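Residue numbers (our numbering): 34 to 325.
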């Protein structure tokens, strides 16, 4: 995400051009990591599931002991206000963020009343449909709720994902298939993962070690409405070596085909294409129920 792409930032009641300073050196979120964010997408004049993303960032703030300063609807309205300042054809990545500025009881915990907020809107093109991932394994794991704040989209979780990505790239791949501490597949290093075998879709069942993504849930619902069987279940690494297709779902690219997992090769198959096409058709349908 190059910061030289056009950026619009809202902070302290003002819209400003560019990636502007918003945190202070002694803010609790700066040095103790109490910061949450979310990511929504605007493309082709639509903003799918905007309300769900705004609701989730507020829930994430609460999970980390903060009090959100905007309601879900106020967030939605603020996003739309900012998007109106971009060209109508711009593809924009939408990042609302909350962080604590002061500490509460015991110094380490956040003062719930000290929450600050900013909204960053950044032009980032949608990846091409054929932009595919190549996966490998990683020695790093997704944590469980008893050891990390996995019930929130918390910034402090992402250095773990980053080292997964660095390991994958060092092995000549673009992403990693990640397990939890029980050796069950959880997701990729960046997004939720699906596999297809004999025309049936399988995806890891949410078990508290990864976010049940908004795009993930949307894809599951759309595929099922089209008559595709989708199983949420326990999956092992070996299952992915036996798959016919694998794809990822996440907010930045929506649906990303996977063409390799270590030595296993995949075609970009019909279910992967159906997942992407079905999502885009739904997003552009004026009669669908998404925000934006």
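C-beta: ideal position from N, C-alpha, C; glycine also. Since the structure is predicted, the reported quantities are computational estimates derived from the model, not experimental observations.
Original post:
Is the beta carbon of residue 277 less than 8 Å from the beta carbon of residue 218?
Top reply: Residue 218 sits away from residue 277, with the two beta carbons spaced by 8 Å or more.
Original post:
Going by DSSP, what residues sit across from residue 210 in a beta bridge?
Top reply: Paired residue(s): 170 and 221.
**OP:** Label residue 140 either buried or exposed according to how many other C-beta atoms from any shown protein chain fall within 10 Å of its C-beta, with 16 as the threshold for buried.
**Re:** Flag for residue 140 reads exposed.
Original post:
Quick one: what's got a C-beta closer than 7 Å to residue 7's C-beta in the same chain, skipping five residues either side?
Top reply: Absent from the model: residue 7. The displayed extent of the chain is 34 to 325, so no value can be given.
**OP:** Return the Cβ separation of residue 86 and residue 72 in integer angstroms, given the expectation that the two are a contact with Cβ distance under 8 Å.
**Re:** The Cβ separation is near 7 Å, so the contact holds.
**OP:** Classify residue 153 as buried or exposed, calling it buried when 16 or more other Cβ atoms lie within 10 Å of its own Cβ.
**Re:** That one is buried.
**OP:** From the DSSP output, in three-state form, read off residue 246 for me.
**Re:** Judged by DSSP in its simplified three-state form, residue 246 adopts coil rather than helix or strand.
Original post:
My guess is that residue 242 and residue 183 are in contact by the Cβ rule of under 8 Å, so how many angstroms apart are they, rounded?
Top reply: Rounded, the Cβ-Cβ distance is 6 Å, consistent with contact.
**OP:** Name, in chain order, the residues that DSSP records as bridge partners for residue 75.
**Re:** Answer is 125, bridged to residue 75.
**OP:** List the DSSP bridge partners of residue 313.
**Re:** In the DSSP output, where bridge partners are listed per residue, residue 313 has none listed.
**OP:** Output the distance between the C-alpha atoms of residue 109 and residue 194, rounded to the nearest integer angstrom.
**Re:** Using only the alpha carbons, I get a separation of about 28 Å.
Original post:
The beta strand (DSSP E) spanning residue 294 covers which residue range?
Top reply: 287-294 is the span of the beta strand (DSSP E), which, as asked, contains residue 294.
Subject >> Same chain only: Cβ atoms within 7 Å of residue 206, ignoring 5 sequence neighbours per side >> reply: Excluding residues up to 5 positions away in sequence, 167, 168 and 169 lie with their Cβ nearer than 7 Å to the Cβ of residue 206 in the same chain.
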